[in-house]
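What follows is one structure encoded as structure tokens, with my remarks underneath.
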Amino acid sequence: MTMLLGYPVGLWLASLRRGRKLVTSVLLLPFLLPAFLIGLAFRPLFGAWLDDTRVGILAVVAAHALMNAGFIAVVTAASLVPRDQVEAAALDGASPGQTRRFIEIPQQLPALSAAALLVALYSATSFGLVVSLGQGSINTLETGIAIVALQLLDLPTAAWLAVLQSLLTVAFFLISRRLGATPTVLFGDSEAVSRRFVPGMLIGGVVIGAVTWLVSGVVYRAVTAGPGLWGNMVNLAGRGSRDILNLSVIDAMGNSLRNLLVALAISLLVAWWLSAKRVGLAVLAPIGISPVAIGLTALVLSGYLPATISGSWLLLPAVQSIFLTPLAFQIIAPARRSLSRELLEAARLDGANSLQVFSLVELPTLAKPLTAAAALVSLGSLGEFGAASFLAYGSDQTLPLVMFRLMSRPGAENVGMAMVAATVFIALAIAVVWFISSVGSRTGRVDVDR
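Following full-length UniProt numbering, the residues of the sequence shown are numbered contiguously, the last one being 450.
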């Protein structure tokens, strides 16, 4: 469904001459929001209807489609063939349909395959979204792992489910490799195509309207629920109605920011190191392994570690960096490889050592891609839900866990607090999308797979 929605929207997006940056930002916004937040935003829209399993399944599918369709659209627009090839085919007598079938789609297939791989991986690991909308009646491998491990305390069965989920990831990789999947440049100056794809414009209008409606609903509830916007903001210093939380929302924010700094440092350093190595799609493997499975593995292995390590809050950001590093790599690696070898060699011939080459040549030149990578990793860490469900407890709980608990309990005060926190998340995501697209338009290219 995501491909069916995203591809025609991408054809329309590629035809835009004005407002393309704004439309791209709106389309990508749901993709960069945490999956659990998409679920929380959808919940009030369906209300009591979610008690019906069929409606719940429909809501989960719709949420996934909205979350990923914009990403497919942007990849489609970015991977279109140059206009001169299309014009040459037209001069040779090819119809628009023949041009698309025999020239455009074959050249787009590697980029679309890579995008489809990421969509499949993230859909298979959207634990927070399924938990938010499924309400226990809809289960996937991820939710099954959590239920078996945390509620039934059956770790062997949970481990087998985690292995099955990992095998599913391997299958996705093998299929994408057969299709020759390669990432593409998502942001940058590109020539708009001449023809406007009307069906894509109509579908794109629906998608943009749905995104706007979803975001507006969150902001509206932040302003109107409970004691209102100011009251909800003041309540963030508390523990919710009847003290249902173990810590205040502000304390949870502090925990999330603390984890972010550690995960960010690890992810950027490892991604920088990997960018100098010969690695292919295998670097994306941690993305496809469920954070729930990784969190479960870390929880089990922590029993064999000293108490100072197993009980430390540092365990969670260290685990988060496992699946956040590929995000940074997909931006840093293409930018670093595009750096002129002659420039680096000239610096070395002038007597610069490795540290000087890094600090005086590479770092200033790659500052914008590095900043974009840091922004995406920061969003990923702040919104991470699966591994945190296993590794963050008591006074170390993170903001996503606290928000989910607030939405899971009755009371307008709890809903208002959760919606204010969600609004902050959305504002951060908008800033990141706008920044990355601005970086791309100024530098000419930023490679992002998510």
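Backbone N, C-alpha and C define an ideal beta-carbon position, used for all residues, glycine too.
Next item on the list: Leaving out five residues on either side along the sequence, give the residues of the same chain with a beta carbon under 8 Å from the beta carbon of Leu315.
Entry: For Leu315, same chain residues with a beta-carbon under 8 Å away, outside a window of 5 residues either side, are Ala298, Ser302, Ile309 and Leu391 in chain order.
Next item on the list: Kindly provide the ranges of any alpha helix (DSSP H) runs that are 4 or more residues long and lie completely inside the segment 203-284, ordered along the chain.
Entry: Here the runs fully enclosed are 229-235 and 249-274.
Check: Near Ile287, which residues of its chain fall below 6 Å by C-beta distance, leaving aside the five closest residues on each side in sequence?
Finding: Beyond the five residues adjoining it in sequence on each side, Ile287 comes within less than 6 Å, by CB distance, of Leu121, Phe323 and Pro326 in the same chain, given in chain order.
Notebook entry, point to check: Can you tell me the Cα-Cα spacing of Ser194 and Ala35, whole angstroms?
Noted result: For Ser194, the predicted structure reports a pLDDT of 49, less than 50, and the residue's modelled location is therefore unreliable. A value from the coordinates is still provided. Computed Cα separation, rounded: 36 Å.
Notebook entry, point to check: Could you give the distance in angstroms between the alpha-carbon of Leu13 and the alpha-carbon of Thr2?
Noted result: For Leu13 and Thr2, the distance between alpha carbons rounds to 16 Å.
Item checked: Reference Leu112; option with closest CA among Pro410, Ala77, Leu22 and Ala373 -> When only C-alpha atoms are compared, the closest one is Ala77.
Notebook entry, point to check: Within 10 angstroms of its Cβ, does Phe102 collect 16 or more other Cβ (buried), or is it exposed?
Noted result: Burial call: exposed.
Next item on the list: Could you check the C-alpha separation between Leu379 and Asn353 for me, to the nearest Å?
Entry: If you draw a straight line from the Cα of Leu379 to the Cα of Asn353, it comes to about 34 Å.
Checklist line | Residue range of the alpha helix (DSSP H) that includes Asn353 | finding: Element bounds for Asn353: n/a, residue is neither H nor E.
Check: Can you tell which of Val163, Gln320, Val60 and Asn68 has its C-alpha closest to the C-alpha of Leu4?
Finding: In terms of Cα proximity to Leu4, the closest of Val163, Gln320, Val60 and Asn68 is Asn68.
Check: Rounded to a whole number of angstroms, what is the C-alpha to C-alpha distance between Ser275 and Ala333?
Finding: As the crow flies, the alpha-carbon of Ser275 is around 4 Å from that of Ala333.
Next item on the list: Reducing DSSP to helix, strand and coil, say where Ser194 ends up.
Entry: Note that Ser194 scores a pLDDT of 49, beneath 50, so its modelled location is shaky and nothing firm can be said.
Next item on the list: Apply the 10 Å Cβ neighbour rule to Pro199 and answer buried if 16 or more other Cβ atoms are within range, or exposed otherwise.
Entry: Result: exposed.
Check: Candidates Leu168, Leu257 and Gly240: which alpha carbon is nearest Ser290's?
Finding: Closest by alpha carbon: Leu168.
Note to self: Among the candidates Ala347, Ala271, Asn259 and Ser25, whose CA atom is the shortest distance from the CA of Val319?
What the structure shows: Residue Asn259 is the option with its Cα nearest to Val319.
Checklist line | Coarse secondary structure for Gly188, derived from DSSP in three states | finding: Confidence at Gly188 is low in this model, with a pLDDT of 49, below 50, so its placement is unreliable and no value can be given for it.
Next item on the list: Could you name the residues of the same chain whose beta carbon sits closer than 6 Å to that of Val292, not counting the 5 residues immediately before and after it, in chain order?
Entry: Excluding residues within five positions, the ones whose Cβ falls inside 6 Å are Phe127, Glu142, Ile145, Ala146 and Gly386.
Item checked: Cα-Cα separation, Leu29 to Thr212 -> Their backbone Cα atoms lie some 10 Å apart in a straight line.
Checklist line | C-beta atoms of Met233 and Val415 nearer than 9 Å | finding: Going by C-beta atoms, Met233 is not nearer than 9 Å to Val415.
Check: From what residue to what residue does the alpha helix (DSSP H) around Phe404 run?
Finding: Phe404 -> alpha helix (DSSP H) spans Leu399 to Met407.
Check: Hey, out of Leu214, Leu370 and Leu366, whose CA is closest to Leu27's CA?
Finding: If we check each option's Cα against that of Leu27, Leu214 comes out closest.
Item checked: Residue burial classification, Gly204 (beta-carbon count within 10 angstroms, cutoff 16) -> Result: buried.
Margin query: Counting C-beta neighbours from all protein chains within 10 Å, is the total for Leu161 16 or more, i.e. buried, or is it exposed?
Written below: Buried is the call here.
Notebook entry, point to check: Rounded C-beta distance between Leu339 and Leu370? I'm assuming under 8 Å.
Noted result: Actually they do not touch by this definition, with Cβ atoms about 12 Å apart.
Check: Cα separation between Ala307 and Leu50?
Finding: Distance between the alpha carbons of Ala307 and Leu50: 42 Å.
Item checked: Member of Asp52, Leu164, Leu202 and Leu118 whose CA lies at the smallest distance from the CA of Gly134 -> In terms of CA proximity to Gly134, Asp52 leads the group Asp52, Leu164, Leu202 and Leu118.
Notebook entry, point to check: For chain B, is any of its Cβ atoms less than 9 Å away from the one on Thr371?
Noted result: Of the protein chains in this structure there is only one, and it is not chain B.
Check: Shortest alpha-carbon distance to Ala375 belongs to which of Ala263, Val163, Gly238 and Pro110?
Finding: Selected option, being the one with the closest Cα: Ala263.
Note to self: Can you tell me whether Leu33 is helix, strand or coil according to DSSP?
What the structure shows: Taken through DSSP and simplified to helix, strand or coil, Leu33 comes out as coil.
Notebook entry, point to check: What are the start and end residues of the alpha helix (DSSP H) that includes residue 451?
Noted result: This structure does not reach residue 451, given that the chain is present from 1 up to 450, and the question cannot be answered.
Note to self: Given a cut-off of 9 Å on the beta-carbon distance, is the pair Ala265 and Ser248 in contact?
What the structure shows: At a Cβ-Cβ threshold of 9 Å, Ala265 and Ser248 do not count as neighbours.
Margin query: Measuring alpha carbon to alpha carbon, tell me which residue in Gly39, Leu58 and Tyr393 is nearest Leu150.
Written below: Leu150 has its Cα closest to that of Tyr393, out of Gly39, Leu58 and Tyr393.
Margin query: Do Ser256 and Leu399 have their beta-carbon atoms positioned less than 9 Å apart in this structure?
Written below: Yes, they are a contact pair.
Next item on the list: Tell me whether Pro110 sits in a helix, a strand or coil according to DSSP, three-state version.
Entry: Helix at Pro110.
Next item on the list: Tell me whether Asp51 sits in a helix, a strand or coil according to DSSP, three-state version.
Entry: In this structure, DSSP gives Asp51 a helical state, which the three-state scheme calls helix.
Next item on the list: With a 10 Å radius around its C-beta and 16 neighbouring C-beta atoms as the bar for buried, classify Pro8 as buried or exposed.
Entry: By the Cβ-count criterion, Pro8 is buried, with 16 or more other Cβ atoms from all chains shown falling within 10 Å of its own Cβ.
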